[in-house]
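Have a look at the structure below before the remarks.
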Amino acid sequence: MTVASALEMALAAVVLGVATWTIAARETFAAVVGFVTYGLLLALIWVRLDAVDVALVEAAIGGGLGGVLLLGAAARLRVTETPTATERPSATVRVGAALLSAAVAAALATGVILLPDPAPTLAPAAAANATATGLGNPVTNVLMAFRAMDTMLEKVVLLLALVGVWSLAPDRLWGGHPGPRHRADPLGTLAFLARLLPPVGIVVGIYVFWTGKDHPGGAFQGGTILAAMWLLVMMAGIADAPQVSSRRLRIVLIAGPGIFLAVGLAGFAIGSAFLAYPVAYAKPLILGIEVAMTLTIAATLGLLLAGAPERSAGQ
Amino acid sequence: MIEFMTTVLGFILAMLALGLVRILRGPADADRMMAAQLIGTGGIAALLLLGTVTAVPATVDVALTLALLATFASIAFVKKGRANAPDSTGDA
Amino acid sequence: MSAAIVFGLCGAAVAGLGLYGLIADPRPLRKIVAFNLLGSGVFMVFGVVARRGAASGFGGDPVPQALVITGVVVAFSATALAVALLLRLFQVTGSATLNTEAPAGTGTDPADA
Amino acid sequence: MPYPASVPGDVTTTGGFLLVLSVVIPVAGVLLAFVLGGRQAERVVLATMPLGLVIALAILVTLRQAGAPLIYLLGGWAPPLGVALRADGLSAVMMAITAVVIGAVGVFARVDFRTPRGSIEARAPFAFWILLLAIWGALNMVFLGGDLFTLYVALELLTFSAVPLVCLDGRAETLQAALRYLLFALLGAVLYLVGTALLYGSYGTLDIVLLSRRVHAEPATVVAAALMTAGLLAKTALFPLHLWLPPAHAGAPAAASAVLSGLVVKGSFFIVIRLWFDVFADLPSFVLAQLLAALGAAAILFGSVVALRQERLKLLVAYSTLAQIGYLFLMFPLAFDAGSTRLASGGALAGGLLQAISHAAAKAAMFMSAGLIYAALGHDRIVGLGGVGRALPVSVFAFALGGVALVGVPPSGAYLAKELLLQAASATEQWWWAVVIQAGGIFTSSYVLLVLAHALAPADASITLRAPVGRIQEASAAALALCSLLLGLAPWQAYLPAPDGIAPSTPALEALSASLWPLLGGAAVAILLGRKGDRLPRIPLGQVVAATVGPARRAALALSRPIERIDNMLRQWPAAGLSLLALAVLLGAALLAASR
Amino acid sequence: MSVAVDIITIVAITAGAFFFLAGTVGLLRFPDTLTRLHALTKADNLGLGLVVLGLVPQAGSLRGGLKLLCVWALALLAGAMVSQLIAREASGQRGDPAMRHDGPPP
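Protein chains in written order, with my numbering: chain S, 1 to 315; chain R, 316 to 407; chain F, 408 to 520; chain X, 521 to 1116; chain U, 1117 to 1222.
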């Protein structure tokens, strides 16, 4: 056994341990803390699997925004913990669930082990067609060119999730500000952090987005970092969440998929195909779409975390 | 050099695993958050080492993202309880 | 054992844990967390598939990697929507349960009055 | 005309751009409606509807002229690297019925989801119109998507647009129903997703046509097939995975229920068809097909009996959806071709799909009329429906038409579907499924008749309507029901693999009289099992009936009680979760055993 | 030259690992929350700092090295802030004047 494979096993063991804790912990809050560390460690696995783009996503979502979302909810729902826990299913059910889950996991593991060797791959095809876009990051090529439809629809999914979250608002607060009003504590640590970190974070976010054309990174990763910075400013009470009725906000929220769609339709009109880019303009077009998508993602993720409108305008 | 770094990486991973015990035990939420923070810092160190070991320079960007965002969980933790104060449910 | 197999087994096991939590834990928030675990186990399987497909100088097949990124975005949106629903349910009823036998609507919703 | 046989190659065909438009137009509408908001959102959505209908019709026409599936390569990238949109006859007819139902629902919902005077924008209308359009786009993507992962994204899009519709009114029960729906649907989606990972790992593509050529029975493929099928069944709410359906479909606003029950569950059902008739066609599917149909039969029994025992009309209609979903799965064993040991696209497939289409229109109409009755009376207790027939004749008429169309009275689509399925049953010598099909018809007529008996009975006291009923609303419900009733006359042979000349061949009078039997049987079942108020004796002959059927009814009720209890148990979360995993394991074991 | 650089790397990373060990032991063994916090803030920042110091010579490019330092600086800043927030939370006295030294981190 080489040092490297020992390391992989250790990593897998630690990750599995945290995952078990996340499921087994009695208190939800503790479980969620476990989940945050799990997300952190997962980034290591993704690097080990040579998928740095995914590692970036995992670090930004699993270790960052996802943690904020779940920890906040766990804190809010703490009072419901004991009454709901009493609805725990009987031991028979739990044993049954354990057995069946284990069976499914075993079947899945068997499937993975028995995957054919040599593995089929589209890497050569992706490499051969990379010239069509002029971008060096193969994952960006897949997301923005070869499977652009998925990416466009995924942005619509994000938007619909936001519509879903907003639709939970009480009627009379429609159009108001999402989430609770965070009071600013001008001398507080948080306010200090919220002034210091965002400039750095915005630079990092833009860098991660920009480097994504040729190296790991991209619109989603960059957008997530920007969203986190915005959220920090909101949580510190420095800036309030915008009203959901704001027209400007809504334009930002649809800019990504909107421009994607427009460019796609332009490809139609020029005569090649929907979502096809003319080779000469492929790179600037893709980057243009990605700029809009980064902004849209940042705004959408920030608002998804802020929640449904809870205060009418000016409150 | 690679073997050395891999070994240190394994060692830091072991430390992280030990840190998990504090998440298990608590007792206070603050202890758990602290352990999570240690694991965050350790994770960044591990990532940097791993990036060097596997010669994937972009790993530093992952570490950068983690360093930037690892604070967020803690901030959510500190903000807890304020959000469910009666004055913030929108009725006031 | 190769990295692909180690992490493949790890992914399958994590998915199994997620399935168990999703079924056996009565608390909705724990179900949501379990769903996230389940999802990440599945993504790990995708990662293994990608890694096995390393060719043409790429460390992994970029197609499944891109699929994972899309999948993570979708899973995160789902989490956000589920959490928002759960918080609203809590706001309206004062409880957070999926059990239909439990009395619902006992809480007062200050906002909808 | 399903596609594996006749895919010419990796090229965009003439008229392929229509496929893009049918997805892009609703998506663009969603974006535009979101930005404009308020009344403009409604206008954008309503303007999109005729456009979508025209495109759906254009696809039907082009397809007929081309005689081969329409294909569009997105971005010009051919699979496996790229993603293709493909429309065969199945997709085209599903898209057409979707456009029709969405259009009718849009007209219907204008009254309920009008932005109130004096406000620029209101929450429920804003969300409703956007989500309605999103459902449409997602469904079109489901019907056209040629790639399993694109289908996953489309399915999630469908779920995300359907869930918030359930709880638009913000009541606690509907919030809970929405959360259960979301979580269970997510569980199903993840199982589907893991299957795609294994398939990609095995064959290096997720394109349906390429997969259908490459797939063979290997362990990883079998695991993928089992997990994907189980996951999709959870999203389709096939018994026993139906925990989320009754509260979600019964609790949603009427317009939303119509879409959810009529269309949304058909999305995942359609992917099941794609999987087993195309992708996994080479896997041994005999046991699987029998199992699916067995679950379908159980769904018919449970759904119908529990529907008959409901106190509320909307819940009855929701449970009837459960039974009808079961009916859809009866086609699988009938499509099994013993010679090639695979599911063959033939009369059975045509019948199944036709049933799905008829149900879409009929069930939407029934939910719309049920919603009108609820809004007018302020309640929808079935035993309290007396006098509604006189007060709301058109609504009750629409409900009756929809019901009659579902029962399978000629020339309804359901009648044709039933004929096709029965033919397939006799051709494949599986008489037991013919019995189930007939029983399904009897049960359907039983709950339709039960509702009508109550609605047409004289009122206990003169009923006062709480709100006037919109004429346009009643008209759109009735039009949709009529559409379902006339579906059997459409030229299906051009699109579905139906034997030629099936529709007109049966003499009309004979067919009508044959369809009376299920109605009579249904009446008997309704009398035995249905909820009745204290009013029954006042129906002509009621006294006599009551005296003679008393003991039989007691026996029937004794039989129905355990069914209700089991249904109640299965709708608990842990039981449903266990059933899902057990089903996945069972499917996997059956496939594995058969592929040895 | 390269040997000397490698020695620096080995020494620094080993020292970094030692501080992680110290931090973890402190986290596990110290009796109460605030002392644990005290142990933690020192150890993890120093540990990460030394690891970064060891890796900088191996980075190969100026840009790579700078990025490494940026990671450390960010972690340092975030760590200091978070420790303060957690400490306040743990002591349960949000308004305690003794805890209000909310200036920039040292």
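Every residue gets a Cβ at the ideal spot worked out from N, C-alpha and C, and that includes glycine. Predicted, not measured: the structure shown is a model, and the values here were computed from it.
{"Item": "Contacts that T121(S) makes with chain X (C-beta to C-beta distance below 8 Å)", "Value": "G724"}
{"Item": "Range of the contiguous beta strand (DSSP E) that encloses R1152(U)", "Value": "Where R1152(U) is concerned, there is no enclosing beta strand (DSSP E), although the alpha helix (DSSP H) it sits in stretches over 1149-1171."}
{"Item": "Contact between the segment 1086-1106 of chain X and the segment 76-86 of chain S (3+ Cβ pairs under 8 Å)", "Value": "no"}
{"Item": "Bridge partners - G665(X), DSSP secondary structure assignment", "Value": "L605(X)"}
{"Item": "Start-to-end residues for the alpha helix (DSSP H) that takes in I591(X)", "Value": "No alpha helix (DSSP H) contains I591(X), which is instead part of the beta strand (DSSP E) from 590-593."}
{"Item": "Short Cβ contact (8 Å threshold) for A911(X) with L976(X)", "Value": "no"}
{"Item": "Sequence-distant residues of its chain with Cβ nearer than 8 Å to L707(X) (five each side left out)", "Value": "G751, A754, G1097, L1100"}
{"Item": "Contacts around L969(X), its chain only, beta-carbon distance under 6 Å, and the 5 residues preceding and following it disregarded", "Value": "G1042, A1043, A1046"}
{"Item": "Nearest-angstrom Cα separation, counted from V1198(U) out to V336(R)", "Value": "20 Å"}
{"Item": "Contacts around V456(F), its chain only, beta-carbon distance under 6 Å, and the 5 residues preceding and following it disregarded", "Value": "P471"}
{"Item": "Same chain, Cβ closer than 7 Å to F537(X), neighbours up to 5 away in sequence not counted", "Value": "Y592"}
{"Item": "Buried or exposed by the 16-neighbour rule on C-beta atoms within 10 Å, applied to Q585(X)", "Value": "exposed"}
{"Item": "Delimiting residues of the beta strand (DSSP E) encompassing P170(S)", "Value": "Taken as a continuous stretch (DSSP letters only), P170(S) belongs to no beta strand (DSSP E), as it is neither H nor E."}
{"Item": "Endpoints, beta strand (DSSP E) assigned at R311(S)", "Value": "309-311"}
{"Item": "Any 3 or more C-beta pairs closer than 8 Å across the segment 160-168 of chain S and the segment 272-279 of chain S", "Value": "no"}
{"Item": "Segments assigned beta strand (DSSP E), at least 3 residues, entirely inside the segment 707-731 of chain X", "Value": "none"}
{"Item": "Any chain X beta carbon closer than 8 Å to S484(F)", "Value": "yes"}
{"Item": "Any chain S beta carbon closer than 8 Å to F442(F)", "Value": "no"}
{"Item": "Residues within the segment 182-193 of chain S neighbouring chain U, beta-carbon criterion of under 9 Å", "Value": "D185, L187, G188, T189, L190, A191, F192, L193"}
{"Item": "Collapsed DSSP secondary structure at F1146(U) in the structure displayed", "Value": "coil"}
{"Item": "Listed by chain order, chain X residues near S101(S) by CB distance under 8 Å", "Value": "L1101"}
{"Item": "6 Å Cβ shell around G960(X) - same chain, five flanking residues per side excluded", "Value": "I820, Y847"}
{"Item": "For F856(X): DSSP bridge partner residues", "Value": "L863(X)"}
{"Item": "Opposing strand residues paired with H177(S) [DSSP bridges]", "Value": "R311(S)"}
{"Item": "Candidates F483(F), G466(F), A491(F), of which the one nearest N137(S) by Cα", "Value": "G466(F)"}
{"Item": "is_contact[P180(S), chain F] using C-beta, thresh 8 Å", "Value": "no"}
{"Item": "Any non-hydrogen atom of the ligand HEM within 7 Å of G1195(U) CB", "Value": "The model on display carries no ligand, and the ligand HEM is accordingly not part of it."}
{"Item": "Helix, strand or coil at R794(X) [DSSP, three-state]", "Value": "helix"}
{"Item": "C-beta neighbour in chain U for L196(S), strict 8 Å", "Value": "yes"}
{"Item": "Under 7 Å from the C-beta of G1008(X): neighbouring residues of chain S", "Value": "Those within 7 Å of G1008(X) in chain S number zero; the least Cβ separation is about 35 Å."}
{"Item": "R829(X) (DSSP reduced to helix, strand or coil)", "Value": "coil"}
{"Item": "Under 8 Å between C-beta atoms of L193(S) and L232(S)", "Value": "yes"}
{"Item": "Partners in chain S for L1137(U), counting only beta-carbon separations shorter than 7 Å", "Value": "By Cβ distance, chain S contributes nothing, its closest Cβ being about 16 Å from L1137(U), past 7 Å."}
{"Item": "Chain-order list of residues whose beta-carbon lies under 7 Å from that of A308(S) (same chain, five-residue window excluded)", "Value": "V165, W166, L168, A169, P178"}
{"Item": "Whole-number beta carbon distance between F268(S) and K155(S), since they are thought to touch under 8 Å", "Value": "Contact flag wrong, Cβ pair sits at about 19 Å."}
{"Item": "Contact set between the segment 327-356 of chain R and chain U, restricted to residues whose Cβ is under 7 Å from the partner", "Value": "I327, M330, L333, G334, V336, R337, A343, A345, D346, M348, M349, A350, Q352, L353, T356"}
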